[in-house]
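**Student:** This is the structure I have questions about; it appears just below.
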Amino acid sequence: MRRVRFLRNPLATEIGDTVEEFLQILGGPASVFLDGRDTRRTRALVTLLHGNEPSGLMALFRWIKSGRQPAVNCVCIIGSVEAALRPPLFSHRMLPGVRDLNRCFKPPFEGAEGLLAEEILQILRVHHPEAVIDLHNTSGSGPAFGVCTHLDREHDALVSLFTERMIVTRLNLGALMEISEHSYPTVTVEVGGRLDERAHELAWEGLCRYFDRDRVLAGDEPVWALEVLQDPVRLHLNPGVTLAYGEVPDSTADVTLRQDMEHFNFATVGPDEPLGWIRGDLRSLFWAQDAGGRCVLSSLLRCVGGRLYPATATTLFMITTNVVIARSDCLFYAVPQARVSP
Ligand SMILES: [Zn+2]
């Protein structure tokens, strides 16, 4: 059963006065096709795979309202409309009890979210886009970055439409980026915090570059020189370990991390910068594996007299100070000794 609703060249007057009205008019997952000045080529934009990440849909709404025509055809796929519509609007990553849509882009395509993921991939196949950009927001506040599975000039060019930071990762989570990548250059762009006005503005500026330019792959001048972070590792707490954030060690917690940790997002932190305090040895508290499944904890962290430090100069990102997210997902991503692309 097809779930995605198709719209072609909607007029500014047909999409409501606000992005919230646009969402209500869509009512469910949708594919908006915009004819380009050059109709021989097509680019794809995917957004709202997570219902609480509105920047991409806001940018698309603004584009349609502007009445502009893109350089080439654009197929715009809007995923978790139902989750976004659940009150309060744009607050649910997914509906309660269903799978994360951006973990469903790999077989078997089961359940409602799996079938929707499969249908999105079919739409992409039909249009055979020259590129795919999947726009997201981060949960917390922080700078923008791109994510892709490997590095070349095409991926560089796509990410640099939005940001100067790129993460290259071989994690296999079932994200759209990982499977679409086999057919078309595909990148994920995290434009910044979901409540952050700057993130909405960046999504708009990047979308304009993506839609407007005659060429978006190799050949155009990059907007920025990219800072590339290769193969980040995720730092996890072991089961049962208690966590707190604070300015002094919390006597009830096994691990206390600094309250101001988020300031280190995308900063390179030196080995003498204290990150917090721990009780017990590192291995009993944390685990961290690289893409090959090897334990890399000792190359990430060290402990001196109960104080926690990076083992070496390390770039940290996706840092959270939310205990629930830190426990269920991870504390942060880390790349020891960041490399910057030439
Ligand atoms: Zn997301």
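Quick note on numbering: the sequence shown equals residues 288 to 629 in this note's numbering. Each residue gets a CB set at the ideal place from its N, CA and C atoms; glycine is no exception. The structure displayed is predicted, hence computed values, not measured ones.
Taking the CB atoms as reference points, tell me whether L313 and I365 lie closer together than 9 Å.
**Tutor:** Sequence index remark: in the sequence shown, residue 313 carries index 26 (1-based). Sequence index remark: in the sequence shown, residue 365 carries index 78 (1-based). Yes.
**Student:** Exposed or buried, which one is L588 when buried takes at least 16 other CB atoms within 10 Å?
**Tutor:** The residue you call residue 588 lines up with position 301 of the sequence shown. Buried, because 16 or more other Cβ atoms sit within 10 Å of the Cβ of L588.
**Student:** With ligand 1 as the reference, list in chain order each residue whose Cβ lies under 7 Å from any of its heavy atoms.
**Tutor:** That gives L336, H337, E340, N389, H423, N424.
**Student:** State buried or exposed for E465, treating a residue as buried only when at least 16 other CB atoms are found within 10 Å of its CB.
**Tutor:** The residue labelled residue 465 in the question sits at position 178 within the sequence shown. Buried, by the Cβ-count rule.
**Student:** Within the continuous alpha helix (DSSP H) that includes H487, where are the two ends?
**Tutor:** Here the question's residue 487 lines up with position 200 in the sequence shown. From DSSP, the alpha helix (DSSP H) with H487 extends over 484 to 499.
**Student:** Excluding sequence positions up to five away, which residues of its chain have a Cβ less than 7 Å from the Cβ of D483?
**Tutor:** Sequence index remark: in the sequence shown, residue 483 carries index 196 (1-based). Counting only Cβ-Cβ distances below 7 Å, and skipping sequence neighbours, we find S428.
**Student:** Just list the residues that DSSP pairs C617 with in beta bridges.
**Tutor:** Here the question's residue 617 lines up with position 330 in the sequence shown. BP columns for C617 are empty, so no partner.
**Student:** How about the stretch 386 to 401 and the stretch 345 to 354: do they share at least three Cβ pairs that are nearer than 8 Å?
**Tutor:** No: the two stretches stay apart, fewer than three of their Cβ pairs being nearer than 8 Å.
**Student:** Using the Cα positions of H423 and S342, report the straight-line distance between them to the nearest angstrom.
**Tutor:** Residue mapping note: residue 423 aligns to position 136 of the sequence shown, counting from 1. Residue mapping note: residue 342 aligns to position 55 of the sequence shown, counting from 1. H423 and S342: Cα-Cα distance of roughly 7 Å.
**Student:** I need the straight-line Cα distance from L516 to H469, nearest angstrom please.
**Tutor:** Along the sequence shown, read from residue 1 onward, the residue named residue 516 stands at position 229. Along the sequence shown, read from residue 1 onward, the residue named residue 469 stands at position 182. Whole-angstrom Cα-Cα distance: 22 Å.
**Student:** Alpha carbon to alpha carbon, how far is S447 from V622?
**Tutor:** Residue mapping note: residue 447 aligns to position 160 of the sequence shown, counting from 1. Residue mapping note: residue 622 aligns to position 335 of the sequence shown, counting from 1. Computed Cα separation, rounded: 21 Å.
**Student:** Roughly how many angstroms separate the alpha carbons of D559 and L595, rounded to a whole number?
**Tutor:** Position 272 of the sequence shown, counted from the start, is the residue given in the question as residue 559. Position 308 of the sequence shown, counted from the start, is the residue given in the question as residue 595. Taking the straight line joining both Cα atoms gives about 9 Å.
**Student:** Would F551 and I454 be called neighbours here (beta carbons separated by less than 9 Å)?
**Tutor:** By one-based count along the sequence shown, residue 551 stands at place 264. By one-based count along the sequence shown, residue 454 stands at place 167. The answer is no: Cβ separation not under 9 Å.
**Student:** Express the C-alpha separation of I606 and L294 in angstroms, rounding to a whole number.
**Tutor:** Counting from one through the sequence shown, the residue named residue 294 turns up at place 7. Counting from one through the sequence shown, the residue named residue 606 turns up at place 319. Going from the Cα of L294 to the Cα of I606 covers about 38 Å.
**Student:** If you pair each beta-carbon of the stretch 566 to 581 with each one of the stretch 382 to 391, do three or more pairs fall below 8 Å?
**Tutor:** With a cut-off of 8 Å, the stretch 382 to 391 and the stretch 566 to 581 do not count as touching, because too few Cβ pairs lie within range.
**Student:** Just grab the DSSP bridge partners of Q576 for me.
**Tutor:** Position 289 of the sequence shown holds residue 576. R521, C582, per the DSSP bridge assignment.
**Student:** Look up A317 in the DSSP assignment and say whether it is helix, strand or coil.
**Tutor:** For the purposes of this step, residue 317 is taken as the residue at position 30 of the sequence shown. Here A317 sits in strand by DSSP.
**Student:** For P374, collect the residues of the same chain with a Cβ closer than 7 Å to its Cβ; drop the 5 residues on either side in sequence, then sort them by chain order.
**Tutor:** Taking the sequence shown and counting its residues from 1, the one referred to as residue 374 is at position 87. Contacts found: none.
**Student:** According to the Cβ coordinates, are A575 and V528 closer than 9 Å?
**Tutor:** One-based indexing of the sequence shown puts residue 575 at position 288. One-based indexing of the sequence shown puts residue 528 at position 241. Going by C-beta atoms, A575 is not nearer than 9 Å to V528.
**Student:** Pull the bridge partners of I563 from the DSSP assignment, please.
**Tutor:** The count along the sequence shown starts at 1 and reaches residue 563 at position 276. In the sequence as presented, Ile is not what sits at residue 563; that position holds Gly. DSSP, once it has assigned bridges, lists L544, L595 as partnering G563.
**Student:** Which two residues bound the contiguous beta strand (DSSP E) that contains D443?
**Tutor:** As a position in the sequence shown, residue 443 is number 156, starting the count at 1. From DSSP, D443 is part of no beta strand (DSSP E) but of the alpha helix (DSSP H) over 440 to 446.
**Student:** If you scan the stretch 341 to 379 from start to end, which runs of the beta strand (DSSP E) of 3 or more residues do you find wholly inside it?
**Tutor:** Within the stretch 341 to 379, the complete beta strand (DSSP E) runs of at least 3 residues are 359 to 365.
**Student:** From this set, G461, T300, R327, which residue's C-alpha is nearest A358's C-alpha?
**Tutor:** Residue 358 sits at position 71 when you count from the first residue of the sequence shown. Minimum Cα distance to A358 is reached at R327.
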